[in-house]
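Asker: Before anything else, here's the structure in question.
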Amino acid sequence: MITILSCSTLAQAVNIYRFDEVIVTAPSTTQMSDESLASVTVISRKDIECSQATSVTELLINVPGIQISRYGGPGSLTSALIRGASACQTLVIVDGQRLNSATSGIPEFQYLQPDQIDRIEVVRGSKSSLYGADAIGGVIQIFTRKGIGKSQLTVKTSMGSLHTCEQGINYSGRNNSIHYNLGANLYETAGYDVTNDNYPVNLGVNLDNKAYRNKFITGKASCRLKSDTDIEVSFYNQTGKTEYGGYTIDPNNFIKTYPYSAYTLFERSALNISSVIPVNTIWLSRIDAGYLKDQNKQLGKNYHPSAPHIPSFYETKRISSLWQNDIAWGSNQQLTTGIDYYRDIVASSNTYNNPKTGDQKNSRYNAAIFIQNQTQLNLSTIQFGLRRDKNESYGFQTTGNITWMVHLPKDLRLAASYSTAYRPPSFNELYYPDSTFSSGNSNLKPENSKTRELELKGLYSHGKWSLSLFQNTIDDLINWTADTSGKFKPTNVDKARIYGLETSMSTIFKQWRITISGTLLDPKDTTRNTVLQRRAKQYMVANVDYNVNKLCWGGSFRAQGRCYDDANNNVRLAGFAIIDMRVSYKIHKEFTTQLKIINLFDKKYQTAWGYNGEPKGFFITLIWQPVI
5 MITILSCSTL AQAVNIYRFD EVIVTAPSTT QMSDESLASV TVISRKDIEC SQATSVTELL
65 INVPGIQISR YGGPGSLTSA LIRGASACQT LVIVDGQRLN SATSGIPEFQ YLQPDQIDRI
125 EVVRGSKSSL YGADAIGGVI QIFTRKGIGK SQLTVKTSMG SLHTCEQGIN YSGRNNSIHY
185 NLGANLYETA GYDVTNDNYP VNLGVNLDNK AYRNKFITGK ASCRLKSDTD IEVSFYNQTG
245 KTEYGGYTID PNNFIKTYPY SAYTLFERSA LNISSVIPVN TIWLSRIDAG YLKDQNKQLG
305 KNYHPSAPHI PSFYETKRIS SLWQNDIAWG SNQQLTTGID YYRDIVASSN TYNNPKTGDQ
365 KNSRYNAAIF IQNQTQLNLS TIQFGLRRDK NESYGFQTTG NITWMVHLPK DLRLAASYST
425 AYRPPSFNEL YYPDSTFSSG NSNLKPENSK TRELELKGLY SHGKWSLSLF QNTIDDLINW
485 TADTSGKFKP TNVDKARIYG LETSMSTIFK QWRITISGTL LDPKDTTRNT VLQRRAKQYM
545 VANVDYNVNK LCWGGSFRAQ GRCYDDANNN VRLAGFAIID MRVSYKIHKE FTTQLKIINL
605 FDKKYQTAWG YNGEPKGFFI TLIWQPVI
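Residue numbering for the sequence shown follows my numbering, beginning at 5 and increasing consecutively.
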């Protein structure tokens, strides 16, 4: 949401080695990732190509501190849990537009196509003082591709198991001061049997494979005017269909359910226009305007006549604007301040009413002011930030952060930080219509968190490493609980306390590139004295790649311990370990072939009870990049 080119990068007091990773998410101004005071991971375009990923989920699952929970196969609802925070407590941004749903609060990033992504920046830790709502666990910011250098055409075709096929085309380049990119992708798969009988309502649902289709078009153009003003316009549109196993409830017997073939039709369109204006030699001003439209239709067929499926839909329109100013007001001072505004407009098969007034509630706005200052001292850096939000539904929220980093000998850095954050109730939680089974609660308060972190990181000639200790305390957790009549209603009843130890290492040595990360987590629901659901206490990821001449091969290993699927810890999900392999070979200066095998040993696993993990599969790809 907040991205800006800095007028200057503050000089560092010590010499460092870099992987040439530029970030904008953590500081809200452009800087090298090694200089960031936050825990950050950058997935570059080169990383995406090397991984041969077919979904954003495959990319995020290799990031330190992230656990993935998925309700089925490709295109199914997917949650990214950063350092034990929930899916709703993770803010996802795509080309300046907040992706978190206004109705459910969950960001539906599973539809994005890696072939049209330039890079992904993942910041772990609370960032509400910069980005406002939802940034309790962290921020995932995704940037679509842009043109750099001479014109380049890329044509890609893939096929694999489960009748999977993908076609993509991308054209990008630069003409004087104009950069441009245009791309399109089509991904289709017959899918696999995503459900099992572990979950009682899935009985009879797991009868066939669940297909998925996704069409993605994106474009971006930017230019620099004679006044050194930069203007950028970007857009994307995606449409598709996801099948899943559904069930209806017998109106005469609430315990009895009937399976049917359910599917979702989705469409998302976004447009963002930004302008970066150099006011003078020390002051950059940025103006952003954005529009996002998100549509979902839940449909079905082959349902039981006594319990028919009732179609549903929702549509969210989000209009946003940002005015941000970056001022280098001293040789060692960098000030960032601005105004942030967005309005959500909701249309749905459900009618949202405010029970306090009786009026229909189909929109709300959020306006905020923010300020952040970073001071570079001789051997340390201090950063503080403050943000004040005013929301139409729940009033004012103030969040802040302070970070102090000390530069130690031998290229070591020690950073300590304290921050606050919040997650507001969604439209469903506030205004869901009163029915037999559930209703909303207009008296809900936002969830609030306090995060403390201590990080030690080192830089050396062939790589870098980091070790982080963190604690996140979350109050007023929103949970749907049954009242005395059996009706489910959201209330601020729960509290959580999360302790964690996170470590990561990456190195480039000759033809080898190795990255390893691991997390130990103690995610506790202090209200019930249980483990937070779907949070494994141990998980790790390792990636190894080897390049020699025209050949590149590598593999990924990820493992996580057991966890619980429910809040009361009655349903346990077993731990698992997965190995993926990949190889690519440049057969000609214009042609490259790739082969990827996922889940090499066909491990059976679940990240959500009743939903099977992806089975063993392969993908073969041919890439053509003609010389233009």
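For each residue, glycine too, the CB sits at the ideal point set by N, CA and C.
Hey, how far is the Cα of Asp51 from the Cα of Leu555?
Answerer: Taking the straight line from one Cα to the other gives about 16 Å.
Asker: Do you know how far the Cα of Gln242 is from the Cα of Pro78?
Answerer: In a straight line, the C-alpha of Pro78 is about 15 Å away from that of Gln242.
Asker: With burial defined as no fewer than 16 other Cβ atoms inside 10 Å of the residue's Cβ, what is the status of Thr485: buried or exposed?
Answerer: Classification for Thr485: exposed.
Asker: Beta-carbon separation of Tyr115 and Arg272 under 8 Å?
Answerer: Yes, they are a contact pair.
Asker: Identify whether Asn432 lies in helix, strand or coil by the three-state DSSP scheme.
Answerer: Three-state DSSP puts Asn432 in a helix.
Asker: Give every residue of the same chain whose Cβ lies closer than 6 Å to the Cβ of Thr158, excluding the five residues on either side of it in the sequence, and list them in chain order.
Answerer: For Thr158, where only same-chain residues beyond five positions count, the Cβ hits under 6 Å are Asn174, Gln629.
Asker: Touch check for the segment 544-561 and the segment 588-599: three-plus C-beta pairs under 8 Å?
Answerer: Contact holds: three or more Cβ-Cβ distances are below 8 Å.
Asker: Work out the CA separation of Gly223 and Asn185 for me, nearest whole Å.
Answerer: For Asn185 and Gly223, the distance between alpha carbons rounds to 5 Å.
Asker: Do Thr402 and Arg392 count as a contact pair if the criterion is CB distance below 8 Å?
Answerer: Taking 8 Å as the Cβ cut-off, Arg392 and Thr402 qualify as a contacting pair.
Asker: Please look up how many angstroms separate the CB atoms of Gly294 and Gly109, rounded, as I've assumed it's under 8 Å.
Answerer: 19 Å between Cβ atoms; not a contact.
Asker: Have a look at Ala351 and Glu319 and give me their C-alpha separation to the nearest angstrom.
Answerer: Near 5 Å, if we compare the C-alpha coordinates of Glu319 and Ala351.
Asker: By how many angstroms is the C-alpha of Ser83 removed from the C-alpha of Pro437?
Answerer: So the two alpha carbons sit approximately 25 Å from each other.
Asker: Buried or exposed: Gly614, going by 16 or more other Cβ atoms within 10 Å of its Cβ?
Answerer: Burial call: buried.
Asker: Please report the straight-line C-alpha distance between Asn179 and Ser367, rounded to a whole angstrom.
Answerer: C-alpha separation (whole angstroms): 42 Å.
Asker: What does the alpha-carbon distance come out to for the pair Ile140 and Ala425?
Answerer: Cα to Cα, Ile140 sits roughly 5 Å from Ala425.
Asker: Comparing alpha-carbon positions, which option in Asp584, Arg123, Val127 lies nearest Pro68?
Answerer: Per the Cα distances, Val127.
Asker: In the DSSP assignment, find the unbroken alpha helix (DSSP H) run with Lys607 in it and report its ends.
Answerer: That residue, Lys607, is in no alpha helix (DSSP H); it is neither H nor E in DSSP.
Asker: Going along the chain, which residues of its own chain have a beta-carbon closer than 6 Å to the beta-carbon of Thr341, five neighbours each way excluded?
Answerer: Same-chain partners within the cutoff: Asn329, Ile375.
Asker: Would the beta-carbon of Gln598 fall within 8 Å of that of Gly565?
Answerer: No.
Asker: Give the secondary structure of Ala266 by DSSP, where H, G and I count as helix, E and B as strand, and everything else as coil.
Answerer: In this structure, Ala266 counts as strand in the three-state DSSP scheme.
Asker: From which residue to which residue does the beta strand (DSSP E) around Glu451 run?
Answerer: Counting along the chain, the beta strand (DSSP E) containing Glu451 begins and ends at 451-464.
Asker: CB Ser510 to CB Val545, shorter than 8 Å?
Answerer: Not a contact, by the Cβ cut-off of 8 Å.
Asker: I'd like the list of long-range same chain contacts for Ala612, defined as Cβ closer than 6 Å, with 5 residues on each side in sequence excluded.
Answerer: Within the same chain, Ala612 has close Cβ partners Ser73, Tyr75.
Asker: When you compare the segment 411-431 with the segment 118-136, are there three or more beta-carbon pairs, one atom per stretch, that lie closer than 8 Å?
Answerer: The segment 411-431, when compared against the segment 118-136, does touch it at the 8 Å Cβ threshold.
Asker: Can we say the segment 245-255 touches the segment 276-295, given the rule of at least three CB pairs closer than 8 Å?
Answerer: With a cut-off of 8 Å, the segment 276-295 and the segment 245-255 do not count as touching, because too few Cβ pairs lie within range.
Asker: On the three-state DSSP scale, how would you describe Trp613?
Answerer: It is coil, neither helix nor strand.
Asker: Roughly how many whole angstroms lie between the Cα atoms of Ala266 and Trp287?
Answerer: Cα to Cα, the separation comes out at about 54 Å.
Asker: Any idea what DSSP makes of Cys11, helix, strand or coil?
Answerer: Since pLDDT at Cys11 reaches only 31, below the 50 mark, its modelled position is unreliable, and no value is offered.
Asker: Our contact map puts Glu433 next to Ile478 with C-beta atoms below 8 Å; I'd like the distance itself, whole angstroms only.
Answerer: Wrong, their Cβ atoms sit about 16 Å apart, outside the cutoff.
Asker: By the three-class DSSP mapping on this structure, what secondary structure does Leu64 have?
Answerer: If DSSP states are grouped into helix, strand and coil, Leu64 belongs with the helices.
Asker: Answer with buried or exposed for Gln117, where buried requires no fewer than 16 other C-beta atoms within 10 angstroms of its C-beta.
Answerer: Gln117 comes out buried.
Asker: Closest to Ser439 by CA distance: which of Pro450, Thr495, Tyr356, Asp363 is it?
Answerer: It is Tyr356 whose Cα lies nearest to the Cα of Ser439.
Asker: Helix, strand or coil: which one does DSSP assign to Glu618?
Answerer: Coil.
Asker: Specify the secondary structure class of Glu594 as computed by DSSP and reduced to three states.
Answerer: Coil at Glu594, not helix or strand.
Asker: Enumerate in chain order the residues of its own chain whose CB-to-CB distance from Tyr345 is below 6 Å, with the five nearest sequence positions on each side excluded.
Answerer: Around Tyr345: Ser325, Ala371.
Asker: Tell me which same chain residues have a C-beta within less than 8 Å of the C-beta of Asn572, skipping the five on either side of it?
Answerer: Closer than 8 Å at the Cβ level, and outside the excluded window around Asn572, lie Arg532, Thr534.
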